[in-house]
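The block underneath contains the structure these notes are about, expressed in structure tokens.
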Amino acid sequence: MIGQLDRKLLRDLARMKGQAVAVCLVMACGLAMLIMARSLIHSLETTRQSYYRAHRFADLFVHLKRAPLEVARRARAIAGVAEVQPGISAQVTLDIDGLVEPASGLVRSLPDEGTPLLNRLFLRSGQWLEPGARGAVLVGEAFALANRLRPGDTMAMILNGRLRRFRVNGIVLSPEFVFESRPGSALPDNRTYGIFWMPYEELANAFDMDQAFNHLALALGPGASEKAVSAELDRLLLPYGGRGAFGRQDHPSDIRVSDEIRVLTTLSIGFPMVFLSVSAFMTNSVLSRLLNLQREQVAILKAFGYSDVQIAWHYLKFAIVFVCGGTLIGAVGGVLLGANLVDMYHRFFRFPALAFQVDAAALGIALGVGVGAAMLGVLGAVRRAAKLPPAEAMRPEPPASFRPSFLERAGLSGHFSNPFRMAVRNLERKPWQAFFTASGLSLATAILIIPNAFRDSVREVLGFQWDIAQRHDVSLGLIEPDSQSTLHDFARLPGVVSVEAFRNAAARIHFGHRSRQVGISGLPSDSMHERAIDAHNKQIPLPPDGLVISVKLAEVLGARRGDLLKVEFLEGQRRVREVPLLGLSDDFAGIKVNMERGSLNRLMGEGDVVTGATFCVDSREKERFLAALKRQPRVAWVAVKESLRANFRETTAASINLIQSIYLTFATVVAFGVVYNNARISLAERGRDLATLRVIGFTQPEVARVLILELGALAFVAVPLGLLLGTGFATGIIQAVNTETVRLPLVLTRFNYTFAVIVVFTASLLSAGVVLRKLKQLNLVGALRAPE
Amino acid sequence: MPALASSSSPAVFRAAALRKIYGEGSAEVRALDGVDLELFEGELVVLLGPSGSGKTTLLNQLGGLDVPTSGELWYHGMNLASADEEALTQYRREGVGFIFQFYNLIPSLTARENVALITDIASHPMPPEEALGMVQLDHRLDHFPAQLSGGEQQRVAIARAIAKRPRVLLCDEPTGALDVKTGIVVLEAIDRVNRELGALTVIITHNAIMADMADRVLHFMDGKVHHITRNDRRAPVSGLKW
């Protein structure tokens, strides 16, 4: 049996269904975001964890020049090491049919017999390699998909200078390459870079590595210290050109997954918090104003003998209906969005199966947060209702007391129309109500700023990356460090406008007790191609005998300009040198360490050595240039800026745009919800006054003007504040996206602000339209009767 | 101007077979059930009758707040029964002054501004100060409703109603929310503006005592004019026996 109060609840809700739906939707937006982001995090984390476990992802990794396999057995004997997997890892170039530029990749060896002990592959399609097979490879899924390679297809690969054709036996995934990207490249280009596996013997023959290895993966036993094992391992491998062991936290693929989770975490806190506070706000204003309108009903109920608790509970039920409605819509929306977004992660992260898993805890959190927000919103209002003395219902409410507004007291009253006076005095008399309305409008404006700031910021990063920092069209790496004279051959290739050599060296940089493994780029001091840029978008000329590093790396190391950094080279003579930090470059992707090339070579005790070059190419000759590169045996890899950019546009940019458009849709819904609610509540509160005006001869537009003036005055104050508030939100959220793979600059454009203003303005116009329709239904006869 | 109460004056309203029916079938309520009447310029008419007898429904029709279900209702040459919303708004703006039981002042406007609300939109209004002077509130011009007593608020409402120089003044229980003493002051104000402006004044009341101040009294019963009584001489408000 439904009680009479519940019947009242249902009828009241039916009457205010527009507002109830608006509150539910705003709450749903925040909760959907929360559920979506938390569930994506949950999906990524659990999938990664179970994939790593099932496929025995190693704990430690080390690259070296060359060591006999016997050394791997000594590594196995180090205390704390549970398992070792030695192998060969080699850079190759590829000639893919239909691809203009040369592609490159990494070939890894697989044991000739049996499965690897660590970093086991997952076979997506095709067959494993037969023992003793020749001329067959397994291909990483990202590259295979990007180049439409299927089992049975063939491809050409240059192995150690010799072109050979291979048959694709199977398409595989590896826990080591969840994120398939060229080392050091912040952005993936799966068309031109891939990972391949072939039997140990065949690869060893091609690279003269018989009975040797140049890559070692290790699993640690329970309780083993990664640091201690690393130190021991580094000592063991030093004579064999060991480049320093690194753990999962420095693993290029794992870092990307962790960074993505970190960014999602930031968003899963930032956005929903803003949205939920808006909805708490709206619940509060809807309910407290509803209570004001029902103040006499409350008193009558009390006069009939209903207890304070019964009445408080009755009004709390409104909040509960909002929360349940919001949570339901939010949960469904969040799960649907998450399930769709998880597909997007397939483009970046290669897991055997990345199934969307709803984070049950997130649903709980959502419900809790929703209830909390709504309760916070209504408790004050409900308390006031419960305190209302019943006698107040028995006499008509005395007219509210007013006084001339601040503007009039300041002597500005001369030109005010009466409707304007009504608006200003009404606002001033109920400053808290005006504050809440204005705050709602401000928040609605503010949340519109964030998604666009996000998009503009990503756009800025890309422009910076490709137009300011990197000005060349093509870059390539050599198989082995070589003398600078090699470049003469490259400079003669068709279409080359300019060429600059670079020397990359693996090193570990120490400062105090902190260290990071990095690649140092040796560049011309006034490089025209690859440039270090300061905070004012100006090039930093590379000083002799000093380092210019990313601000982010300096932050990670805790170093400042002028500090002496210890550079431990992980190749060549493996020197350890102290080098002053002379400049900080403001970049957004990855961490960069630049040095003047001559200084770097001197520091490493080498002659005039280069490891690669960058090119500006005449666009008309570009195809011939790339075709010529395909025939260069010394080239280990090639990166074409245009391809990277196009690939980025199709994947990362598309997904950022997707997320951005979801957030923007949510923000727009919220903006509309808030504005609409404000208009409806104002109408309800002023119903009697407005009806009186209609009765005494005001036309509908004249009455509407009174209402619109009031809302307009609030908007006039609220919108600029909202723009300011939105700037704050955007700054907070964007600066929180600060990882070693990507930082975002704060970019606030005039378009962004204009857009926010236009949306709020449109929402206001449409809401005004609804309110005008309601004005037609004003009960004129009712205005003659007793106050409601 | 003397208080005219005769059929020699031109009729302001003429109603014929006026019906207002709410609901249908068994729920049907005949709020007005065939009313025929004429109301004349300058006269003061009191509508008397129990609750639900149809007097407020009639007042709503006269004021252009509601339209009849059937019948004719003429205001001079205009048929209110078939007028559209725009015409009714114009009619209320220029022709009718309303006085409500609960005053219905705009609380955020002062006495003067509440009156000016009307004078801003009417064609030939009197200055707000003059209207307030007629109800003897010229010393309370800049007070807000909350600073005025109930009687004063009702007099502001009267000033607001008369400032447009209406041809009709409609009063719905104008003293219903007031004590006797204050009610007398308000009725005196209504009586005076009726005499001075010559506007047809219609007062709804439960209170039979007020019948003596009228030219004519229309007794309502079951949605019909049961009978009409005529006073040869209007009693002064101060002479009413409360």
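Taken in sequence, the protein lines are chains A and B. Per this note's numbering, residue 5 is the first one in the first sequence, and the count goes up by one each step. Per this note's numbering, residue 1189 is the first one in the second sequence, and the count goes up by one each step. C-beta: ideal position from N, C-alpha, C; glycine also.
DSSP on residue 692(A), reduced to helix/strand/coil?
The count along the first sequence starts at 1 and reaches residue 692(A) at position 688. When secondary structure is reduced to three states using DSSP, residue 692(A) falls in the helix class.
Quick check on the DSSP output: the beta strand (DSSP E) that includes residue 1208(B) runs from which residue to which?
Here residue 1208(B) is taken as the residue at index 20 of the second sequence, counted from 1. Element bounds for residue 1208(B): 1199-1210.
Distance, Cα to Cα, residue 1411(B) vs residue 442(A)?
To locate residue 1411(B), count along the second sequence from 1; it is residue 223. To locate residue 442(A), count along the first sequence from 1; it is residue 438. Distance between the alpha carbons of residue 1411(B) and residue 442(A) is about 50 Å.
Suppose you measure from the CA of residue 50(A) to the CA of residue 338(A); what does that come to, to the nearest Å?
On the first sequence, residue 50(A) is found 46 positions in, with the first residue counted as 1. On the first sequence, residue 338(A) is found 334 positions in, with the first residue counted as 1. For residue 50(A) and residue 338(A), the distance between alpha carbons rounds to 19 Å.
Anticipated Cβ contact below 8 Å, residue 716(A) with residue 447(A), distance rounded
Against the first sequence, residue 716(A) aligns to sequence position 712. Against the first sequence, residue 447(A) aligns to sequence position 443. Actually they are not in contact, since the Cβ atoms of residue 716(A) and residue 447(A) sit about 18 Å apart, beyond 8 Å.
Spatial distance of residue 258(A) from residue 776(A) (CA atoms)
To locate residue 258(A), count along the first sequence from 1; it is residue 254. To locate residue 776(A), count along the first sequence from 1; it is residue 772. Rounded to the nearest angstrom, the two C-alpha atoms are 57 Å apart.
Is the CB of residue 1287(B) under 7 Å away from at least one CB in chain A?
Numbered from 1 along the second sequence, position 99 holds the residue referred to as residue 1287(B). Cβ-Cβ to chain A under 7 Å: no for residue 1287(B).
Whole alpha helix (DSSP H) elements within the region 216-246 of chain A, 4-residue minimum:
Runs of the alpha helix (DSSP H) lying entirely within the region 216-246 of chain A, each at least 4 residues long, are 230-241 in chain order.
Counting Cβ pairs closer than 8 Å, one from the region 54-66 of chain A and one from the region 183-202 of chain A, do we hit at least three?
Verdict: no, contact absent.
Applying the 10 Å Cβ sphere with the 16-neighbour rule, what's the burial state of residue 580(A)?
In the first sequence, the residue the question calls residue 580(A) occupies position 576. By the neighbour-count rule (16 or more Cβ atoms within 10 Å), residue 580(A) is not buried but exposed.
Would you list the one or two residues that DSSP bridges to residue 108(A)?
Counting from 1 along the first sequence, the entry for residue 108(A) is found at position 104. Note: residue 108(A) sits in a beta bridge opposite 97(A), 197(A).
Using the three-state DSSP reduction, which class does residue 298(A) fall into: helix, strand or coil?
As a first step, residue 298(A) is located in the first sequence; it is residue number 294 there, counting from the start. In this structure, residue 298(A) counts as coil in the three-state DSSP scheme.
Under a CB-based cut-off of 7 Å, is residue 1294(B) close to chain A?
The count along the second sequence starts at 1 and reaches residue 1294(B) at position 106. Residue 1294(B) counts as touching chain A.
Could you check how far apart the C-beta atoms of residue 479(A) and residue 643(A) are, in whole angstroms? I think they sit under 8 Å.
The count along the first sequence starts at 1 and reaches residue 479(A) at position 475. The count along the first sequence starts at 1 and reaches residue 643(A) at position 639. Yes, residue 479(A) and residue 643(A) are in contact; Cβ-Cβ is about 5 Å, under 8 Å.
Should residue 223(A) and residue 87(A) be called a contact, given that it needs their Cβ atoms to be closer than 7 Å?
Locating residue 223(A) in the first sequence gives position 219, counting from the first residue. Locating residue 87(A) in the first sequence gives position 83, counting from the first residue. Contact: yes.
Alpha helix (DSSP H) runs wholly inside the region 524-600 of chain A, at least 4 long, in chain order:
555-561
Distance, Cα to Cα, residue 505(A) vs residue 617(A)?
As a first step, residue 505(A) is located in the first sequence; it is residue number 501 there, counting from the start. As a first step, residue 617(A) is located in the first sequence; it is residue number 613 there, counting from the start. Approximately 4 Å, taken between the alpha carbons.
If you measure from the beta carbon of residue 429(A) to each beta carbon in chain B, is any gap under 7 Å?
Mapped onto the first sequence, residue 429(A) falls at position 425. Closer than 7 Å: yes.
Length of the line joining the Cα atoms of residue 41(A) and residue 27(A)
By 1-based counting over the first sequence, the position of residue 41(A) is 37. By 1-based counting over the first sequence, the position of residue 27(A) is 23. C-alpha separation (whole angstroms): 21 Å.
Nearest-angstrom Cα separation, counted from residue 679(A) out to residue 537(A)
Working through the first sequence from its first residue, we reach residue 537(A) at position 533. Working through the first sequence from its first residue, we reach residue 679(A) at position 675. Roughly 44 Å between the two C-alpha positions.
Cβ of residue 865(A) less than 7 Å from any chain B Cβ?
Summary: the structure shown does not reach residue 865(A), with chain A confined to residues 5 through 792, and so no result is reported for it.
Hey, would you say residue 133(A) sits closer than 7 Å to residue 164(A), going by beta carbons?
Taking the first residue of the first sequence as position 1, residue 133(A) is located at position 129. Taking the first residue of the first sequence as position 1, residue 164(A) is located at position 160. No; because the gap between Cβ atoms is not below 7 Å, this pair is not in contact.
Does any residue of chain B have a CB that is nearer than 7 Å to the CB of residue 399(A)?
As a working note, residue 399(A) is residue 395 in the first sequence. Bear in mind that a pLDDT of 48 at residue 399(A), under 50, signals an unreliable position, so the number given afterwards is only what the model happens to contain. Residue contact check for residue 399(A) against chain B: no CB pair falls below 7 Å.
Burial state of residue 699(A) (16 or more Cβ within 10 Å)
In the first sequence, the residue the question calls residue 699(A) occupies position 695. Per the 10 Å Cβ criterion, buried.
Between the Cα of residue 290(A) and those of 607(A), 437(A), 458(A), 455(A), spot the shortest distance and give me the residue it belongs to.
For this step, residue 290(A) is matched to residue 286 along the first sequence. Minimum Cα distance to residue 290(A) is reached at 437(A).
Hey, residue 1304(B) and residue 1316(B): beta-carbon distance below 7 Å or not?
Taking the second sequence and counting its residues from 1, one reaches residue 1304(B) at position 116. Taking the second sequence and counting its residues from 1, one reaches residue 1316(B) at position 128. Taking 7 Å as the Cβ cut-off, residue 1304(B) and residue 1316(B) qualify as a contacting pair.
What is the C-beta distance between residue 1234(B) and residue 1398(B), in whole angstroms, given that I count them as a contact (C-beta under 8 Å)?
If you number the second sequence from 1, residue 1234(B) lands on position 46. If you number the second sequence from 1, residue 1398(B) lands on position 210. The pair is a contact, with the Cβ atoms about 6 Å apart (cut-off 8 Å).
Within 7 Å (strictly less), CB to CB, does residue 792(A) reach chain B?
Mapped onto the first sequence, residue 792(A) falls at position 788. Model confidence at residue 792(A) stands at a pLDDT of 40, short of 50, so the residue's coordinates are unreliable; what they give is reported in the following sentence. No - not a single Cβ of chain B is within 7 Å of the one on residue 792(A).
Does any residue of chain B have a CB that is nearer than 7 Å to the CB of residue 422(A)?
In the first sequence, the residue the question calls residue 422(A) occupies position 418. So, interface residue.
Using 10 angstroms around the beta-carbon of residue 215(A), count the other beta-carbons present and answer buried if the total reaches 16, otherwise exposed.
Here residue 215(A) refers to the residue found at position 211 when the first sequence is read from its first residue. Burial is judged here by how many other beta carbons sit within 10 angstroms of a residue's own beta carbon; residue 215(A) has fewer than 16 and is exposed.
In three-state DSSP terms, what is residue 334(A)?
Residue numbering aside, residue 334(A) sits at position 330 when the first sequence is read from its first letter. Correct three-state label for residue 334(A): helix.
When the Cα atoms are used, what is the spatial distance from residue 398(A) to residue 1207(B)?
On the first sequence, residue 398(A) is found 394 positions in, with the first residue counted as 1. On the second sequence, residue 1207(B) is found 19 positions in, with the first residue counted as 1. Low confidence applies to residue 398(A): its pLDDT is 44, below 50, so where it sits in the model is not reliable, and the reading given next is rough at best. Taking the straight line from one Cα to the other gives about 35 Å.
Through-space distance from residue 1373(B) to residue 1367(B), alpha-carbon basis:
Against the second sequence, residue 1367(B) aligns to sequence position 179. Against the second sequence, residue 1373(B) aligns to sequence position 185. Cα to Cα, residue 1367(B) sits roughly 10 Å from residue 1373(B).
In whole angstroms, give me the CA-to-CA distance for residue 71(A) and residue 244(A).
For this step, residue 71(A) is matched to residue 67 along the first sequence. For this step, residue 244(A) is matched to residue 240 along the first sequence. Distance between the alpha carbons of residue 71(A) and residue 244(A) is about 5 Å.
Given a limit of 9 Å on CB to CB distance, which residues of the region 1399-1421 of chain B reach chain A?
none
If I'm right that residue 374(A) touches residue 35(A) with Cβ under 8 Å, what's the distance once you round it to whole angstroms?
Here the question's residue 374(A) lines up with position 370 in the first sequence. Here the question's residue 35(A) lines up with position 31 in the first sequence. That pair is a contact at about 6 Å.
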